[in-house]
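Below is one structure; the comments refer to it alone.
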Amino acid sequence: MSSVTAESGGHEAISETVRVEHGDADLSPSRAVIEAVAGAAGVDPVDLADEAGVVLYDYVDLDALDTLVAGHSGSGVDISLSVAGYEVSVDATAAVAERTR
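Here UniProt numbering is used: the first residue of the sequence shown is 1, the next is one more, and so on.
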């Protein structure tokens, strides 16, 4: 399940945050990151590299991310990274991406 929250406050400051839950057999943490960043970029996940210019493998080893999160399921894992103008955090249940530029 994903949700998009757009907030605005102050002078022309717009913050868009996308949360994508993971943890079931159909959606891995790395896939949740892809969907969250694509949602924040306003593109389809399959078009993330072509339309938004974001290649996640340039920023994080997605297989290692899946292994790390799976090894801490149900516990206090919290991973944060910057990806091409987006702040991304991943915990045991969801990936959250927020546009920073």
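Glycine included, every Cβ here is placed at the ideal spot set by N, Cα and C.
Query	Result
From D44 to V69, what does the alpha carbon distance come to, in whole angstroms?	24 Å
Is it buried or exposed, Y57, if we count other Cβ atoms within 10 angstroms and call 16 or more buried?	exposed
What does DSSP give as the partner residues of E35 in its beta bridges?	According to DSSP, which records beta bridges pairwise, E35 is partnered with nothing at all.
Rounded to whole angstroms, what is the Cα-Cα separation between S80 and S89?	4 Å
Could you check the C-alpha separation between V20 and V96 for me, to the nearest Å?	6 Å
Measure from the alpha carbon of A94 to the alpha carbon of each residue in V55, V33, D63, then state which is nearest.	V33
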